[in-house]
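Contents: one structure, followed by commentary.
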Amino acid sequence: MTRPRGSSAGSEESAATAREQELGSMYDYLAKIILLGPSGSGKSCLLHRFVKNEWRVLSSQTIGVEFASKIIKVGTGARRKRIKLQLWDTAGTERFRSVSRSYYRGAAGAILVYDITSHGSFRGLQPFLNDARALASPNLSLLLVGNKLDLASESLIDTSMPPPTPSSVSSNSTITAGGFASSYSTTNTQTTTRGRDYAGSISAGSVQKATYAPDGREISSSEATRWASTQGISVVTEASALNGDGVDEIFARLARIILTKIELGDIDPDDPMSGIQYGDSSSWNNASDGGSIKSSMTGATVDDGGIPGLRRRRKGKHRTQNWGGLLSPPLQRHRAWIPASSPFADRPVTMVPRTVIPIDRNWLFKQADKQDGDEFRPVSQFPTNIHLDLMHHNIISDPFIGKNENDVQWVGEAQWTYKTTFASPEVSNGAKAVLAFDGLDTFATVILNGNTILQTDSMFIPERVDVTDNLSRNGENELVITFDSAYLRGWKRVEQYPEHVWSCWNGDASRLAVRKAQYHWGWDWGPSLLTCGPWRPINLEIYKSRLTDLHTTIDIDESLKRATVIAHATTEGSDATHVRVGVSLNGKEVASETVPASNTASVNFHISNPELWYPIRYGKQPLYTIKATLIANGTPVDAMVKKIGLRRLRLVEHALKDQSGTSFFFEVNNIPIFCGGSNWIPADNFIPRISPKRYRDWVKLVADGNQFMIRVWGGGLYEEAAFYEACDEMGILVWHDFMFGCGNYPVWPELLKSIEREARVNVTRLRHHPSIVIWAGNNEDYQLAEQERLGYDPKDMNQDNWLKSKFPARYIYEKVLADVCRDLIPDVPYHYGSPWGGKDTTDPTAGDIHQWNVWHGSQEKYQNFDKLVGRFVSEFGMEAFPSVKTIDAYLPQGKADPDRYPQSSTIDFHNKAAGHERRLALYLVENMRYGPDPLEQYVYSTQLMQAECLASAYRLWKREWKGPGREYCGGALVWQINDCWPVTSWAICDYYLRPKHAYYTVKREMAPISIGMTRREHQCPKDKYTRVYIDTKIEIEIWGSNLMLEDLTVDCLVKAWDVETGEETFSETVASSIVLSSNRSTEIHAMDVPVSTRKAGLESRTVVASYLFQDGKQIARYVNWPEPLKYLHLQKPKHLTAELSSDGKSIAVRAEVPVKGVAVECEEENVTFDDNLVDIVPGEVVYIGVKGASQSTVITTRYLNMLS
């Protein structure tokens, strides 16, 4: 038995002091907070001001991270809590970003800091925000802080939150270095430094400017607030690290937000990824603060900062929580990022689990096969391709200008070498180093430190190489990649297999032997530019275990009330013990589960009343976040995040009423969708320069144009993530081809294996996107087999026969790709090709068709599209010139170029379609009066022709969407939405995202409510012999299309005018209170063209307009003209006006006579229109929305027969 020890007054005082210090270090919760933002924004100074209440003089650039902690009190009375903020100050300099990003993991809060005197600082915030949301806690709390308020010329008041609750400042602060930064610790009694001398401090009352900004503030508080609102950041404030204004409130406010989330149950401190831990408050009593906490000594015993025997309270069933690398300094070493003079260059550092190091710096390139040698030059960007780099150094001219394409063909037949160096990271025992190549284009030999580690022959397959034993142990690593000519290698392969029938449309046969974007060989809308290079990122990964894939199987019952989501996490490595899978929506966790790790760990989630993902216009597009965290003995070592949409999908192919064949349409969440939309080709010949914003802008054009679907065409590529993410977010359905187009592809065994790898890796990469609703095996390959008479027999189901036939590619589409889709995406329809279905590829009664008998084929009149319908028309189109601004951009001398006329050799060079001169002339001369001069009017004429053609197709085919059992046409996808270079093509928006007039007519036809009309000529001869006594009657048919989900009751008004006099000749409501049933087209009325005298030929000069009114409000309008338009004696208006409204948001267009195709135009690049190419009739005003206009903006008009 231990004898009690007596105590003196001195010992009691000492014990009391020790107890006081112990209590002062205790807290209820520990929260991990990161400070992030561009270099120079003052993050380190803000942290120092908060922790020490001093101004940090001569603050140097942070390398990696710095770490500090401070306890603050939040709340009052019984709700008062002590929160220890564990603060991580991360480097803002780009070259340290990959280091500092590793510290974001598991952060509960983030303070996004910018400099209010620097636009560049503010513009640089987005990458930091993106990284934080990707890597930190799912319930991350965010604050946006503008620093250097002392330099502003005016004071600002933050009104985004109520007045702050005062918070106490702890008497004990600790600062510890992490990463490659210096380290030091401080208390309220003394200062000690380690690693480097602290530069000194001044008091808050001292007057000293830390930076010099002669122009003061550059970012207003309102601008910051607007940006924050678009990013979902609710709290915006400003502060000064120099004088301390607003600094304490930043951290106090963030602590209050986090505490509120804990109290509401939004954050579970037991969750290893929450960024929160329970503290030690169970062993102290803070009654003086107005509350009491009962002592609880249950839970695991842990060491708390050197206080022996201190026991931490744990919630739940005695759980032991270990954040591991989330709150411990996750240090890593990479000599390429550490200056040689740094005192930390030789310091041993612990490796971070699954470190990803971008190999994106110091890249050089040269021509490898140049006879007299070549010098290495810096690349233009990374990732990159050879044409971009050669243009950057003015070795070649821009191939998009003039005829420069011809002058750069040598590039595609040369060999090119890229190289870089990088430092070796520390690779701990049992870990591996892997070089991950996301995309090499195409025939690449990769050499690391003199050893060949990889050879590739596919642009579409990412590669991973274990280089653990290849890395330099004590120096730089040299990575060299040499690219061979895909064009020449392709021809060598053709010669290797002479028995194969090398047949293709567009490009040449060498492309069929190479797994590379087929449009690089040139197409009938694009140039021949055979690129090569590292076209997607290259990273070095260090890990013992990692997540290799995360995907979900989703089942939604027919009632849409219950969803089962099975998350599958696939892992590599043997160290992981558990996988935690969480599901969240809008930042709030819906469910989570932790299971033992295995090669594939699966977790089932059952969600009642799920928030479903809908196509645009039919509902919202909520995206659930699925996050898998790989855990090794309590320490998170890797994480993967995917966003998914819950939707019930069907491709409906059922028997139809009153017509033969089967339907072909998509049903999402039990809603049949008429898929009006567009085809998509790659948006540039040089993919690495397409920014995420440009992808988003293209998809937004589709969405704003009332389109539902976009088809990723098979001659392009599996697109960048930004494209699919934009489709997910905007509700655009994606039809996705595999990358085979217009050819008879070979099937030697090694190629088949490569194709299967390509399919598996890309389907795996993309299968989480809810927007992708169908995969198709190819573009027009079955059609080529039919037309080239390759002996394709759809009835022969013997797979061995397919391989021996002249059309062996059938094995790819019906066996290889079909098996991949069955294995990986059994819930997504797979279609053997496009077009495909029925007895052949032109069968209009089943599957999809490509309707090219307008323009190609039999060159039918576009007014006859109703006779050219199919169950789903996945291609059709009409050419038109691009904007005159686009033409001026590609002419070498712009507006002064001598070739600035439609038939010039340069403009002709920028149209790759065979026979385009004859076909453009045919459709123009059939339909309208036109001339080649001036260029502006000729361009207008081609765009009017295209607009009339495509609108006719959409109008007539949508008429065939007649409701359940009568879905005679389920969709129409125009060829095409976009261009890959400035060109005359079928695109409805040109390379620079400038809409042609057809974009607007398609937009009107695909509006939720529209009205359609057509004219029919009926001839009734007196007897079967006569050619004289024939009664001719011209009738108009009127229908309404309602793509909404509720019935509408409408009235239909019909008016008519004499096109020559402008006189109104008819006005009558022809149908009253007619019901337009939901999601279908409804016939409204048929009548003779209203004329005053029959058999007088007046029908050919009568313009008829029809209108739909609901409750007295006009909701749809269409003007029908006698055709062909060239026969009309159109009058020139004397009073055609296009008047800008006083607020600059709309243009009012009116005229005193009927005017066909009024286009509003403006030279200002920033002025855009919501509509265009409108038909004007007397007595009406048509309003066109406009953006970017001011009262000084000059708006002009153009119309049919304007110059006649």
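For the sequence shown, the positions run 1 to 1204 when full-length UniProt numbering is used.
The beta carbon of each residue, even a glycine, is placed where N, CA and C say it ideally should be.
Keep in mind the model is a prediction, meaning the values are calculated, not measured.
Check                                                                                                                                      : Outcome
Environment of L264 [buried if 16+ CB atoms lie within 10 Å]                                                                               : exposed
Backbone secondary structure at V816 - three-state DSSP                                                                                    : helix
For D303, three-class secondary structure by DSSP                                                                                          : With a pLDDT of 28 at D303, under the threshold of 50, the predicted position of this residue should be treated as unreliable, and no value is reported.
Contact belief for L623 with G645 at Cβ below 8 angstroms, rounded distance in angstroms                                                   : 6 angstroms
Chain-order list of residues whose beta-carbon lies under 6 angstroms from that of residue 1230 (same chain, five-residue window excluded) : Here the chain covers residues 1 to 1204 and nothing more, so residue 1230 does not appear.
Limits of the alpha helix (DSSP H) - the one that K1033 falls within                                                                       : No alpha helix (DSSP H) holds K1033; the beta strand (DSSP E) holding it covers I1030 to N1042.
Closest by C-alpha distance to K432, when choosing among I447, N470 and P399                                                               : N470
At least 3 beta-carbon pairs within less than 8 angstroms: the segment 732-749 vs the segment 626-642                                      : no
Beta carbon of A683 nearer than 7 angstroms to that of I673                                                                                : no
Spatial distance of S171 from R647 (CA atoms)                                                                                              : Caution is warranted here: a pLDDT of 28 is assigned to S171, below 50, making its placement in the model unreliable, and no coordinate value can be reported.
Same chain only: Cβ atoms within 7 angstroms of S1072, ignoring 5 sequence neighbours per side                                             : D1051
Cβ neighbour criterion (16 or more within 10 Å) applied to Q943                                                                            : buried
As assigned by DSSP and simplified to three states, the class of Y27                                                                       : coil
Where S941 falls: helix, strand or coil (DSSP)                                                                                             : helix
For Y923, the nearest candidate out of H856, G1157 and Y968 (CA to CA)                                                                     : H856
Complete beta strand (DSSP E) runs within the segment 680-764 (minimum length 3 residues, chain order)                                     : 709-712 and 733-737
DSSP beta-bridge partners of C1162                                                                                                         : Partner(s): none; C1162 has no beta bridge.
Beta strand (DSSP E) segments (min. 3 residues) lying fully within the segment 791-854                                                     : none
The segment 365-376 in contact with the segment 857-866 per 3-pair CB rule at 8 angstroms                                                  : no
Range of the contiguous beta strand (DSSP E) that encloses T635                                                                            : T635 to I644
Start-end ranges of the beta strand (DSSP E) lying completely within the segment 859-925, minimum 3 residues                               : 873-875
Cβ-based burial, H119 [other Cβ within 10 Å; buried from 16]                                                                               : exposed
Close beta carbons around I616, own chain, < 7 angstroms, minus the five adjacent residues each side                                       : A703, F708, M730, G731 and I732
Bridge partners - H551, DSSP secondary structure assignment                                                                                : H568
C-alpha distance - F437 paired with V1075, whole-angstrom precision                                                                        : 59 angstroms
Backbone secondary structure at T237 - three-state DSSP                                                                                    : strand
Y713 to K516 span [Cα, whole Å]                                                                                                            : As written in the sequence, residue 713 is Trp, which differs from the Tyr given in the question. In a straight line, the C-alpha of W713 is about 14 angstroms away from that of K516.
Length at least 3, wholly inside the segment 984-1024: the beta strand (DSSP E) runs in chain order                                        : 1009-1021
Selected residue, minimal CA-CA separation from C532, among V427, M640, N53 and Q415                                                       : Q415
Simplified DSSP state of C532, which is helix, strand or coil                                                                              : coil
Proximity of I542 and Y618 at Cβ, strictly below 7 angstroms                                                                               : no
Proximity below 7 angstroms, CB of I116 to CB of R217                                                                                      : yes
Any 3 or more C-beta pairs closer than 8 angstroms across the segment 948-968 and the segment 868-876                                      : yes
Backbone CA spacing between I1084 and E1035 [nearest angstrom]                                                                             : 14 angstroms
Collapsed DSSP secondary structure at V1153 in the structure displayed                                                                     : coil
Backbone CA spacing between R319 and D827 [nearest angstrom]                                                                               : Unreliable placement is indicated for R319, whose pLDDT of 34 sits below 50; the coordinate value is still reported in the next sentence. The alpha-carbon atoms of R319 and D827 are separated by roughly 39 angstroms.
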